[in-house]
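To start, the structure under review is shown below, and the notes come after it.
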Amino acid sequence: MVDDSKALFLQIAERVEDSIVDGSLAEDSQAPSTNELAAFYRINPATAAKGIALLVDKGVLHKRRGIGMFVAPGARRALIEERRAAFASTYLEPLAAEARKLGLDVDELIQLLKERFSERTKA
Amino acid sequence: MTSIIEVKHLTKRYRTATALDDVSLALDEGKIYGLLGRNGAGKTTLMSILTAQNFATSGRVRVFGEDPYENAGVLGRLCFVRENQKYPERATPPQAFRTASYFYPNWNQRLAERLVEEFQLPTDRPIQRLSRGQLSAVGIVIALAARADVTFFDEPYLGLDAVARQVFYDRLIEDYAESPRTIVLSSHLIDEVANLLEHVIVLDRGRVVIDAAADDIRGSAFNIVGDATAVAAFAVGKQVLRKQTLGNVTSVVLKGQVSESDKVRLARSGVEVAPVSLQQFIVSSAAQPDKGDAWGTDGPPAKVEARQLVRNGGAR
Amino acid sequence: MTRVTNVMRLQLMNRQSYVIVPLLVLGGAALLALAIFLLVPYDGPKYAVMAAAAPLWAFLVVGVQALTMSFPFSQALGATRRDFHIGTLLTAALTAAMLALIYLVIALLEKATNGWGVNGYFATPGLDGDAPLAAFASYFVLAMLWFLIGYWSSAVLKRWGLVVLLNVLVGLAIALTVAALLLVRFGAMQAVAEWVVAQGALGLDAWGLLLVVVLAASSYLTLRRITQ
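Chains as they are written, first to last, in this note's numbering: chain A, 1 to 123; chain B, 1001 to 1316; chain C, 2001 to 2228.
Put into structure tokens, the structure is as follows:
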């Protein structure tokens, strides 16, 4: 599950964000604890704690004293905004590069994307 | 953070070989350390000296601020089960565990019993007649259940199958989360333990070549693969940790981080960027055996290599 | 003190070597001695001191194992060399005393039954008017000596290797032989024998004990720098 391109705690933070974005971790619900994350991903608890701390700094999670970490209200919306902003460089750049390598032009690429989208909708 | 282990200019020479060569380190309380390196790199010697089971030729070692030698107050807080640990004649695993429990006030019997079950350790046979893997399991049970302030693991997985190794890693994380303490895990299976580590120390022929937080290492190098000319052009002025060539394709591991603009630039010239795992990083860093300070951070030899690469690339 | 008792508990994990094996050998040797007493047609008092001393041999093995097997385990568990040494010697003394006590009981029985009715003495060392204390002290010192010879040799072996150990042992053997030859050469054997008899069992035990102390001290000094 872990990839090596970036620090583990960043990846852990992203995993938690993923589940907030896809709705499996609802706003105002309790986030997994450091030790739960460590055991689940088989990583050092300090690393998991660092990931959680990052999300707290970002305002995605907040601490309720004596209970644990909870997803902040509005966190999902904020994360989706953030990801949309990064979408082009994260996904479109490599897509464009590979398309160029294969000699696909823009129109063909758009056509392919359209097909993908409609297939998805059908399914 | 307080350093609980301090090593200064530690050198250990045997008649024919130097096991440790001017090693200086400081270990903090409550972290999981990876002590990595090839067989014979000096890992066991270092742990032996830290636990006063072996002696320095020169240099200084302090554990909890004191010399550990014959120091009951210090040694009583350490646990170091060797990879080829010996046990009293005819002792069975449960007897060895019971004895160990006398020595460690925080002994976790519940964990010991659980591990015995998970490792499927025979309880009625003398330890001497156990298999290699079972012998390793006995050592793991003692070292984990002891809950010593500093626990040293010496290649603890020898002979264990993948399932048993995972049991070890899982229980290690679990019990560490429950009762944080300093753990030094010596290993040459770097990929397997990489995610457990907070800090990484790499020894190579008795010298410390990497001493850094695991997070800092992850993403501290990257691998680019592609047309030799393009790769060479990008590598100019960067520290090359490793270079491999296959026909007209060159793969180099470069130190540093790849920026978003670099990624775009590389993608346009058809060069692929791949992450470098901790294991790859260590192997790459170690792969320049005869260039003096092979893993140095200021790497003149690496720069020379990058220039050569350009020249070679240009000649084609 | 807890640390020392922990080492004793560690040593006594191996009850078989420390207690059971010596007792088994003792039982076997006693039966054998008795059979021989019955077969020998001589009616005077018969002593089987060598057979009686056989179980004490087991302590040589125990001494070796204490250092080669138990010492590394004690190191893993963070015991100091000093605590290990004291705990180990106390364990040896405790078990040797136990064994010596058994000999004493047997010796008393022999006395009460006039040598099992056949005038054969197994556990009674025929010295010092067969004082019970002499029996106890002799077997205790003998067991301790065996233990320390094993323990000390293993310490030398682990610290300096086989060559050094063999050199030391051969050197000792040569020194003893030369001493014996010199005694014979100068006709002093008679005097030595007289001296030994004059010492009596307790006197010899005291000399043995001195040797035990020397071996114990020298083992400790060797042990202080042993590496795994």
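Glycine included, each C-beta is placed from N, C-alpha and C at the ideal position.
Look up residue 8 (chain A) in the DSSP assignment and say whether it is helix, strand or coil. Within the first sequence, numbered from 1, the residue matching residue 8 (chain A) stands at position 8. In the structure shown, residue 8 (chain A) sits in a helix (DSSP, three-state: H, G or I).
Beta-carbon neighbours of residue 1073 (chain B), restricted to chain A and to distances below 7 Å: Against the second sequence, residue 1073 (chain B) aligns to sequence position 73. In chain order: nothing, as chain A lies at least about 27 Å away.
Distance check for residue 1258 (chain B) and residue 1191 (chain B), CA to CA, integer angstroms please. The residue you call residue 1191 (chain B) lines up with position 191 of the second sequence. The residue you call residue 1258 (chain B) lines up with position 258 of the second sequence. Between residue 1191 (chain B) and residue 1258 (chain B), the C-alpha separation is close to 22 Å.
If you drop the 5 nearest sequence neighbours on each side, which residues of the same chain put their C-beta closer than 7 Å to that of residue 2197 (chain C)? By 1-based counting over the third sequence, the position of residue 2197 (chain C) is 197. No residues qualify anywhere along the chain.
Nearest-angstrom Cα distance between residue 1312 (chain B) and residue 1023 (chain B)? Counted from its first residue, the second sequence places residue 1312 (chain B) at position 312. Counted from its first residue, the second sequence places residue 1023 (chain B) at position 23. Note on residue 1312 (chain B): pLDDT 40, under 50, position unreliable in the model; no value is reported.
Check whether the segment 1036 to 1054 of chain B and the segment 1098 to 1107 of chain B touch, using three or more Cβ-Cβ pairs below 8 Å as the test. no
Determine the chain A residues that contact residue 1215 (chain B) at a beta-carbon separation under 8 Å, and present them in chain order. By 1-based counting over the second sequence, the position of residue 1215 (chain B) is 215. Here the neighbours are 7, 8, 9, 47, 50.
Using only alpha-carbon positions, find the residue among B:1139, B:1260, B:1044 that is nearest to residue 1095 (chain B). As a position in the second sequence, residue 1095 (chain B) is number 95, starting the count at 1. It is B:1139 whose Cα lies nearest to the Cα of residue 1095 (chain B).
Anything in the segment 1056 to 1084 of chain B with a Cβ closer than 8 Å to a Cβ of chain C? List those residues in chain order, please. 1070, 1071, 1072, 1075, 1076, 1077, 1078, 1079, 1080, 1081, 1082
Contact between the segment 1204 to 1213 of chain B and the segment 1022 to 1039 of chain B (3+ Cβ pairs under 8 Å): yes
Do the segment 2081 to 2100 of chain C and the segment 2017 to 2027 of chain C make contact, defined as three or more Cβ pairs closer than 8 Å? yes
For a test of the three-state rule: what should DSSP assign to residue 1285 (chain B), helix, strand or coil? Residue mapping note: residue 1285 (chain B) aligns to position 285 of the second sequence, counting from 1. If DSSP states are grouped into helix, strand and coil, residue 1285 (chain B) belongs with the helices.
Using a Cβ cut-off of 9 Å, pull out every chain B residue sitting near residue 94 (chain A), in sequence order please. Working through the first sequence from its first residue, we reach residue 94 (chain A) at position 94. Near residue 94 (chain A) (Cβ distances below 9 Å), the residues of chain B are 1263, 1267.
Chain D partners of residue 43 (chain A), CB-CB under 8 Å? You won't find chain D in this structure, because its protein chains are A, B and C.
Residue 2008 (chain C) versus residue 59 (chain A): straight-line alpha-carbon distance, rounded: Counting from one through the third sequence, the residue named residue 2008 (chain C) turns up at place 8. Counting from one through the first sequence, the residue named residue 59 (chain A) turns up at place 59. Each residue's alpha carbon lies about 58 Å from the other.
For residue 1056 (chain B) and residue 1011 (chain B), what's the separation of their Cα atoms in angstroms? Counting from one through the second sequence, the residue named residue 1056 (chain B) turns up at place 56. Counting from one through the second sequence, the residue named residue 1011 (chain B) turns up at place 11. Near 6 Å, if we compare the C-alpha coordinates of residue 1011 (chain B) and residue 1056 (chain B).
Can you name, in chain order, every residue of its own chain whose Cβ lies under 6 Å from the Cβ of residue 2150 (chain C), other than the five neighbours on each side? Against the third sequence, residue 2150 (chain C) aligns to sequence position 150. Answer for residue 2150 (chain C): 2060, 2063, 2064, listed in chain order.
Reduced DSSP category for residue 115 (chain A) - H, G, I as helix; E, B as strand; rest coil: As a position in the first sequence, residue 115 (chain A) is number 115, starting the count at 1. In this structure, residue 115 (chain A) counts as helix in the three-state DSSP scheme.
Tell whether a beta-carbon distance below 8 Å holds between residue 1081 (chain B) and residue 1005 (chain B). The residue given as residue 1081 (chain B) occupies position 81 in the second sequence. The residue given as residue 1005 (chain B) occupies position 5 in the second sequence. No; because the gap between Cβ atoms is not below 8 Å, this pair is not in contact.
Cβ shell of residue 2122 (chain C) (< 6 Å), same chain only, five flanking positions each side left out: Here residue 2122 (chain C) refers to the residue found at position 122 when the third sequence is read from its first residue. 2030, 2033, 2048, 2052, listed in sequence order.
Taking only three categories from DSSP, how would you classify residue 1302 (chain B)? To locate residue 1302 (chain B), count along the second sequence from 1; it is residue 302. Since pLDDT at residue 1302 (chain B) reaches only 37, below the 50 mark, its modelled position is unreliable, and the value read off the structure follows with that caveat. DSSP places residue 1302 (chain B) in helix when its eight states are reduced to three.
Using 8 Å as the limit for Cβ to Cβ distance, is residue 1012 (chain B) near chain A? Along the second sequence, read from residue 1 onward, the residue named residue 1012 (chain B) stands at position 12. No, no contact with chain A.
Can you list, in chain order, the residues of its chain with a C-beta nearer than 6 Å to that of residue 2004 (chain C)? Leave out the 5 residues immediately preceding and following it. Taking the first residue of the third sequence as 1, we reach residue 2004 (chain C) at position 4. Correct list, in chain order: 2083, 2086, 2087.
Quick one: is residue 1175 (chain B) buried, meaning 16 or more other Cβ sit within 10 Å of its Cβ, or exposed? As a position in the second sequence, residue 1175 (chain B) is number 175, starting the count at 1. By the neighbour-count rule (16 or more Cβ atoms within 10 Å), residue 1175 (chain B) is buried.
Mind checking if residue 1224 (chain B) is an interface residue toward chain A, Cβ cutoff 8 Å exclusive? Looking up residue 1224 (chain B) in the second sequence gives position 224. It does not: the Cβ of residue 1224 (chain B) has no partner Cβ on chain A nearer than 8 Å.
Would residue 1053 (chain B) count as contacting chain C if we go by Cβ distances under 8 Å? On the second sequence, residue 1053 (chain B) is found 53 positions in, with the first residue counted as 1. By this cut-off, residue 1053 (chain B) is an interface position.
Under the three-state reduction of DSSP, which class applies to residue 18 (chain A): helix, strand or coil? Translated into positions along the first sequence, residue 18 (chain A) becomes position 18. Note: residue 18 (chain A) maps to helix in three-state DSSP.
Residues in the segment 2010 to 2024 of chain C having any Cβ partner in chain B nearer than 7 Å: 2010, 2013, 2014, 2016, 2017
What is the DSSP secondary structure of residue 1296 (chain B), counted as helix, strand or coil? Here residue 1296 (chain B) refers to the residue found at position 296 when the second sequence is read from its first residue. In this prediction, residue 1296 (chain B) scores a pLDDT of 35, lower than 50, which makes its location untrustworthy; the coordinate-derived value is nonetheless stated afterwards. Coil, per DSSP.
Following the continuous beta strand (DSSP E) through residue 1024 (chain B), name the residue where it begins and the one where it ends. Your numbering for residue 1024 (chain B) matches position 24 in the second sequence. It spans 1018 to 1028 - the beta strand (DSSP E) in which residue 1024 (chain B) sits, taken as one unbroken run.
Residue 97 (chain A) to residue 1274 (chain B), Cα distance in whole Å? Counting from one through the first sequence, the residue named residue 97 (chain A) turns up at place 97. Counting from one through the second sequence, the residue named residue 1274 (chain B) turns up at place 274. Cα to Cα, residue 97 (chain A) sits roughly 15 Å from residue 1274 (chain B).
Measuring only the C-alpha atoms, how far is residue 1277 (chain B) from residue 1223 (chain B)? Reading the second sequence from its first residue, position 277 is the one you call residue 1277 (chain B). Reading the second sequence from its first residue, position 223 is the one you call residue 1223 (chain B). So the two alpha carbons sit approximately 10 Å from each other.
What does residue 1089 (chain B) touch in chain C if you count any residue whose Cβ is under 7 Å from its own? Position 89 of the second sequence, counted from the start, is the residue given in the question as residue 1089 (chain B). Result: 2014, 2017, 2065, 2069.
What does a CB cutoff of less than 8 Å around residue 54 (chain A) pick up in its chain, not counting 5 residues either side in sequence? Taking the first residue of the first sequence as position 1, residue 54 (chain A) is located at position 54. For residue 54 (chain A), where only same-chain residues beyond five positions count, the Cβ hits under 8 Å are 9, 10, 13.
Check whether chain C comes within 8 Å of residue 1157 (chain B), counting only Cβ atoms and requiring the distance to be less than that. Your numbering for residue 1157 (chain B) matches position 157 in the second sequence. Not one chain C Cβ lies under 8 Å of residue 1157 (chain B).
Kindly list, in the order they appear in chain A, the residues whose Cβ is closer than 7 Å to that of residue 1169 (chain B). Here residue 1169 (chain B) corresponds to residue number 169 of the second sequence, with the count starting at 1. Per Cβ cutoff of 7 Å: 42.
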